[in-house]
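There are 2 protein chains.
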Amino acid sequence: MIKSPVKRKPGRPKKNSDTVFLDTREELIKAGLAALTIKGYSSTGIDEILKVVQVPKGSFYHYFDNKEAFGTELIEAYGQYFAKKLSHWFYDTDTSPLNRLLAFIADAKKGMQKFEYQRGCLIGNLGQEMVALPEGFRKQLIQVFNDWEMKTAHLLDEAKAAGEIAKTINTAQMAYYFWVGWEGAVLRAKLEQSGEPLDLFTSGFIALIKPTPH
Amino acid sequence: MIKSPVKRKPGRPKKNSDTVFLDTREELIKAGLAALTIKGYSSTGIDEILKVVQVPKGSFYHYFDNKEAFGTELIEAYGQYFAKKLSHWFYDTDTSPLNRLLAFIADAKKGMQKFEYQRGCLIGNLGQEMVALPEGFRKQLIQVFNDWEMKTAHLLDEAKAAGEIAKTINTAQMAYYFWVGWEGAVLRAKLEQSGEPLDLFTSGFIALIKPTPH
DNA sequence: TATTAATTAGACCGACCGTCTAATAATTGA
DNA sequence: TCAATTATTAGACGGTCGGTCTAATTAATA
């Protein structure tokens with residue numbers, strides 16, 4: 030029988046208890062991710078997150094130094110979560126490289142649809158807000174993009190080797206182009222509450238990298 | 030001799046005075062535009078704007094019902110300001126249609142450079158924040174994009190007629206694609222504090238619409 | 001069993017945000 | 001001409017937010 034997780038009580042927790050506690054820290058991060066993908070950093074209050082997970086402020090400041098430290102962890106967590114997602118789709122050797130890209134895109138689109146186009150990309154959200162954010166976030170956000178782009182460039186290399194895209198393509202540059210445009214499409218999808226921008230950008234991008242027929 | 034503008038005092042202003050008053054309302058809008066292009070709506074405080082233009086709160090609420098009404102006016106003002114800019118460049122019959130697009134892009138890039146890539150696009154900023162914004166903003170923002178896109182589509186039509194771009198291009202769709210990607214590039218330019226994303230997106234877009242050589 | 005460690009609980013403060021009422025001065029019109 | 005009205009500034013007020021701090025609670029440790 031699986032023990033249903035239970036709210037912690039005050040005081041140091043038992044070490045060898047068979048009680049399954051909700052991991053407060055993890056809960057806070059999960060709720061934080063949801064909030065930041067929807068509303069970004071500045072307009073999300075800590076109290077707001079605390080309310081959702083039913084945790085008092087003391088716990089928050091026990092686990093995190095302050096809002097900035099919390100934000101740093103959220104960027105890290107989201108960056109990795111998404112990097113895993115990319116790897117998952119990009120290394121699916123059952124299909125051709127280009128189809129893997131399309132599969133990832135379809136999945137990402139489904140993800141947005143699921144949340145009624147209210148949740149966007151945490152990294153894009155914070156990038157937009159950057160001027161109002163702690164300066165330390167900048168490098169972190171850029172690094173996340175770089176990571177995603179390297180993975181994407183690698184996939185494009187494979188696509189090139191497979192003859193699926195033009196041999197003239199600079200794959201690193203094109204990966205950068207993809208993420209620039211994709212973030213724009215996500216932004217627009219949130220605004221219009223529709224997946225159309227995602228589709229439109231995708232078809233444009235594919236047309237751009239396809240080998241020119243002659 | 031030009032009278033230097035002077036701060037208003039409390040009480041109804043004289044009607045036929047030769048004193049040149051600063052137009053408080055206009056000042057507020059100007060400062061609001063600057064603030065929203067930088068930080069967006071949610072993280073911009075009214076006090077902040079008031080401080081810049083040295084105006085007390087009462088004046089603000091005299092001219093605008095509330096922050097939302099102020100925001101509505103800012104979107105309107107920015108939309109028109111930018112539409113004029115587009116028309117200016119797009120109707121410059123001294124150059125070819127495609128070159129007009131490039132001239133506009135160069136100008137927009139210079140604009141971002143001038144403010145050290147801290148100011149982005151007000152419409153894009155608010156689009157990103159949309160979930161945390163008054164619902165009425167949505168239609169307004171979409172309409173602004175539609176307006177810009179119509180103008181852009183028209184230019185692309187001319188470019189097509191001039192043989193500068195492929196005859197197969199769906200100009201309306203491509204104009205939409207342009208603004209989706211452009212907003213993504215602006216976002217990234219702000220994050221990286223560099224014009225590179227703008228250049229990169231531009232070259233990709235041009236490659237996409239150019240007639241295929243054979 | 002006294003001390004220390006881990007965690008929740010929530011009061012409190014200063015800063016700031018958006019609203020609202022009061023004060024001030026000029027215009028209008030009976 | 002002066003009371004009512006209009007235009008505008010002035011700033012008090014209540015609420016919220018982020019961050020700190022102290023207390024309470026329970027378990028581990030020595």
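Quick mapping for you: the protein sequence lines, in order, are chains A and B. By our numbering, the letter at position 54 of the first sequence is numbered 83, and the numbering carries on one by one without gaps. By our numbering, the letter at position 4 of the second sequence is numbered 33, and the numbering carries on one by one without gaps. Even for Gly, the Cβ is constructed at its ideal location relative to N, Cα and C.
According to DSSP, is residue i part of a helix, a strand, or is it coil?
i, result
"residue 144/A", "coil"
"residue 176/B", "helix"
"residue 124/A", "coil"
"residue 156/A", "helix"
"residue 194/A", "coil"
"residue 30/A", "Only weak support is given to the placement of residue 30/A: the predicted model assigns it a pLDDT of 39, under 50, and the value that follows is read from those uncertain coordinates. If DSSP states are grouped into helix, strand and coil, residue 30/A belongs with coil."
"residue 165/A", "helix"
"residue 232/B", "helix"
"residue 47/A", "Any answer about residue 47/A is weak, because its pLDDT of 49 lies below 50 and its placement is not dependable; what the coordinates show is given next. Residue state, collapsed to three classes: coil."
"residue 188/A", "helix"
Residue i lies in the alpha helix (DSSP H); which residues open and close that run?
i, result
"residue 239/B", "Residue 239/B -> no alpha helix (DSSP H), and no H or E assigned at all."
"residue 203/A", "200-221"
"residue 76/A", "75-82"
"residue 115/A", "96-119"
"residue 88/A", "86-92"
"residue 62/A", "53-68"
According to the neighbour-count rule (16 or more other Cβ atoms, all chains shown, within 10 Å of its Cβ), is residue i buried or exposed?
i, result
"residue 69/B", "buried"
"residue 199/A", "exposed"
"residue 146/A", "buried"
"residue 191/B", "exposed"
"residue 83/A", "exposed"
"residue 157/B", "buried"
"residue 164/A", "exposed"
"residue 187/B", "buried"
"residue 236/B", "exposed"
"residue 196/A", "exposed"
"residue 116/A", "exposed"
"residue 144/B", "exposed"
"residue 95/B", "exposed"
"residue 231/A", "buried"
"residue 98/A", "exposed"
"residue 140/B", "exposed"
"residue 73/A", "buried"
"residue 206/A", "buried"
Relative to chain A, which residues along the region 71-100 of chain B have a C-beta separation below 9 angstroms, given in chain order? Considering only beta carbons, the part of the region 71-100 of chain B lying closer than 9 angstroms to chain A consists of 71, 72 and 73, in chain order.
Closer than 7 angstroms between beta carbons: that is the criterion. Which residues of the region 121-142 of chain B meet it against chain A? So nothing in the stretch comes that close.
Tell me which residues of the region 187-204 of chain B have at least one Cβ-Cβ distance to chain A shorter than 9 angstroms, keeping chain order. Listed by position along the chain: 202 and 203.
With 8 angstroms as the limit, tell me which residues of the region 154-172 of chain B have their beta carbon closer than that to any beta carbon of chain A; keep them in chain order. Flagged, chain order: 154, 156, 157, 158, 159, 160, 161, 167, 170 and 171.
Compile a chain-ordered list of the residues in the region 214-232 of chain B whose CB is closer than 7 angstroms to at least one CB of chain A. Within the region 214-232 of chain B, the qualifying residues are 214, 216, 217, 219, 220, 221, 226, 229 and 230.
Identify each residue in the region 49-69 of chain A for which the Cβ-Cβ distance to at least one residue of chain B is less than 8 angstroms, and report them in chain order. Going along the region 49-69 of chain A in chain order, one finds 67, 68 and 69 with a Cβ nearer than 8 angstroms to chain B.
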